[in-house]
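Residue numbers (the working numbering), protein chains in the order written: chain A, 113 to 356; chain B, 6 to 316.
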């Protein structure tokens, strides 16, 4: 992998409270540049809350956070410009064509017309979607949407891309093709921050953190976690941790 | 006891010219736990909606516990429990109000059938005065199952009950299903998670509106037509590429930190592949012969569909 020792995300003592409920309870971790970082946890463990804060969509209650080199309190707009985001519910517009979606996102991230055109052509060719360029999103297969949503999320060459359960519901072959794209992005220096409920996918990550009840209960390479918990697979690690 | 089996014969359904179900036929046994395994778009939800009388097929026939889904739809609605894929309880009613509501519309009470849902409902009973909308994913799922069970159905349809649910809650959910099955109820369950197939009596592997195969999980695995190696080496990304170019290789798929390599017969010598990877500077190469998983079988069927016998 092309991960380095340089930190692209630094989180120190992140706390987020909703009234008396503590969703994130003193999270501390770093993500290295170019790393594929798996962010796992049971439903309700506090993953989504933390991701929203890292993406600059919600303020922490307390803690120090730097994302892509910018402070999460004072430089939120810069954070947003330097990250990409893809969620399980596709962020593509169903009633726009493939090209219109790309143009829309390119425009939002400030790419010029020429830039958008050349990146679109490049993308269509790489994905083998030339014939689908003018098709409505609602008319293309789910697997294509997924690949396109990911490509659009990194169209502006962000430093980090956040993927929130990107592979839910797709067939096993498409799921693996999608991970090929993730590897490729990481090879090109984009840091990948990913959540998933597929535990085999956790093993594709360079490092994995597992949240339990608002805290990070474990963080290491999949290999070390399996050794630490005497487990055969990440699924076993997860079950041991999340059901104490 | 009613004959609570499900028969489906040559069912087809299209939406705007796109086939959602393409000539589907199967029969479930009485008291069977029958799984429909496949990704989004396989047709699982459409099939369940037809069987629960919420949607009409374009052609073909279906019976549930001997009742025809068109002619006898009222009877079917009384004997079926249905847990739709999307959480569809009343978010602004409490846990207990939801359960009472479902009991009442089926003309029964919580007390009368409490024993049926006890195991599951007990786990959420401490929150019985909480609004359903404020429950966690795992708890919503338990409430939805309780509501689908409270009228003592003969057949239970569970549409992707574990989608989006974490690995721990999934294990708990399947434990609950096993206990339910022991009470004699017929259960049809759909899931996109291949590893859940092994927990069913029989499974239908579905893709693009078709059933690729119907068997017990053991038979699905034993009819895998290829040999399979599990290969592990330092850099998985590079490993996948090199294995795909290796002579005689049929397919290469990542499985966690290992690659599964399929080939026909005896075409690949394990030691030869080991030496090849060593000479390509892979660190700590491990190769072992393995049994396929349901996921290996599913991918092979997607690539090379077997012509299904028509009964």
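Using N, Cα and C, we set each Cβ at its ideal position, and we do this for glycine too.
Rounding to the nearest angstrom, what Cα-Cα distance links residue i and residue j in this structure?
i	j	result
residue 302/A	residue 11/B	51 Å
residue 316/B	residue 69/B	In this prediction, residue 316/B has a pLDDT of 38, which is less than 50 and means its spatial position is unreliable; nothing more can be read from the coordinates.
residue 345/A	residue 311/A	8 Å
residue 163/A	residue 81/B	45 Å
residue 236/A	residue 245/A	7 Å
residue 296/A	residue 306/B	27 Å
residue 308/A	residue 335/A	18 Å
residue 210/A	residue 171/B	32 Å
residue 167/B	residue 160/B	19 Å
residue 350/A	residue 174/B	11 Å
residue 154/A	residue 271/B	43 Å
residue 34/B	residue 296/B	28 Å
residue 232/A	residue 214/A	7 Å
residue 169/B	residue 282/B	38 Å
residue 314/B	residue 203/B	Low local confidence applies: a pLDDT of 43 at residue 314/B is under 50, so the model's placement there is unreliable, and no value is given.
residue 291/A	residue 208/B	27 Å
residue 273/A	residue 122/A	15 Å
residue 347/A	residue 207/A	38 Å
residue 194/B	residue 163/B	5 Å
residue 19/B	residue 214/B	10 Å
Taking Cβ positions only, does residue i come closer than 8 Å to chain B?
i	result
residue 138/A	no
residue 295/A	yes
residue 146/A	no
residue 282/A	yes
residue 330/A	no
residue 150/A	no
residue 346/A	yes
residue 350/A	yes
residue 285/A	yes
residue 339/A	no
residue 336/A	no
residue 343/A	no
residue 135/A	no
residue 156/A	yes
residue 354/A	yes
So what does DSSP say about residue i, is it helix, strand or coil?
i	result
residue 33/B	coil
residue 25/B	strand
residue 12/B	strand
residue 254/B	coil
residue 228/A	helix
residue 240/A	coil
residue 65/B	strand
residue 247/A	coil
residue 68/A	Within the shown structure, residues of chain A are numbered from 113 to 356, placing residue 68/A beyond reach of any answer.
residue 271/A	coil
residue 281/A	coil
residue 1/B	The requested residue 1/B does not occur in the structure, where chain B is confined to residues 6 to 316.
residue 228/B	coil
residue 331/A	strand
residue 222/A	coil
residue 160/A	helix
residue 187/A	coil
residue 292/A	helix
residue 75/B	coil
residue 145/A	coil
residue 252/A	coil
residue 221/B	coil
residue 19/B	strand
residue 118/A	coil
residue 355/A	coil
residue 125/A	strand
Nearest chain A C-beta to residue i closer than 8 Å, yes or no?
i	result
residue 142/B	yes
residue 197/B	yes
residue 1/B	Summary: the structure shown does not reach residue 1/B, with chain B confined to residues 6 through 316, and so no result is reported for it.
residue 319/B	This structure does not reach residue 319/B, given that chain B is present from 6 up to 316, and the question cannot be answered.
residue 176/B	yes
residue 45/B	yes
Query raised in the report: Taking any Cβ of chain A, which residues in the region 278-310 of chain B have a Cβ under 7 Å from it, in chain order?
Result: If the cut-off is 7 Å between Cβ atoms, the region 278-310 of chain B has 300, 303, 304, 307 near chain A.
Requested in this report: Below 8 Å between beta carbons is the criterion; list the residues of the region 245-277 of chain A that meet it against any residue of chain B, in chain order.
Outcome: Correct list: 253, 254, 277.
Query raised in the report: Which runs of the alpha helix (DSSP H), 4 residues or longer, sit entirely within the region 119-163 of chain B?
Result: Segments of the alpha helix (DSSP H) lying fully in the region 119-163 of chain B: 142-154.
**Report entry** Residues of the region 299-327 of chain A with Cβ closer than 9 Å to any Cβ of chain B, in chain order
**Finding:** Per Cβ criterion, the list reads 299, 309, 310, 311, 312, 313, 314, 315, 316.
Query raised in the report: Given a limit of 8 Å on CB to CB distance, which residues of the region 230-242 of chain A reach chain B?
Result: Those residues of the region 230-242 of chain A that come within reach of chain B (Cβ to Cβ, closer than 8 Å) do not exist; the list is empty.
Query raised in the report: Which ranges does the alpha helix (DSSP H) cover as unbroken runs of at least 4 residues, wholly within the region 90-119 of chain B, from first to last along the chain?
Result: As for any alpha helix (DSSP H) of minimum length 4 sitting wholly inside the region 90-119 of chain B, the runs are 100-110, ordered along the chain.
Query raised in the report: Quick one: complete beta strand (DSSP E) runs, 3+ long, within the region 152-219 of chain B?
Result: Entirely contained in the region 152-219 of chain B, the beta strand (DSSP E) runs reaching 3 residues are, in chain order, 160-164, 191-196, 207-212.
Report task. Scan the region 236-312 of chain B and note each continuous beta strand (DSSP E) run of 3 residues or more that stays entirely inside, going in chain order. Result -> Assignment of beta strand (DSSP E) within the region 236-312 of chain B, counting only whole runs of 3 or more residues, yields 256-260, 263-268, 291-294 in chain order.
Query raised in the report: Using a Cβ cut-off of 8 Å, which residues of the region 139-168 of chain B contact any Cβ in chain A, in chain order?
Result: Here the close residues are 141, 142, 143, 168.
Query - Chain-ordered residues of the region 200-222 of chain B with a beta carbon less than 7 Å from chain A - result: Flagged, chain order: 212.
**Report entry** Residues in the region 240-264 of chain B having any Cβ partner in chain E nearer than 9 Å
**Finding:** Checking the listed chains, one finds no chain E in this structure; the protein chains it contains are A and B.
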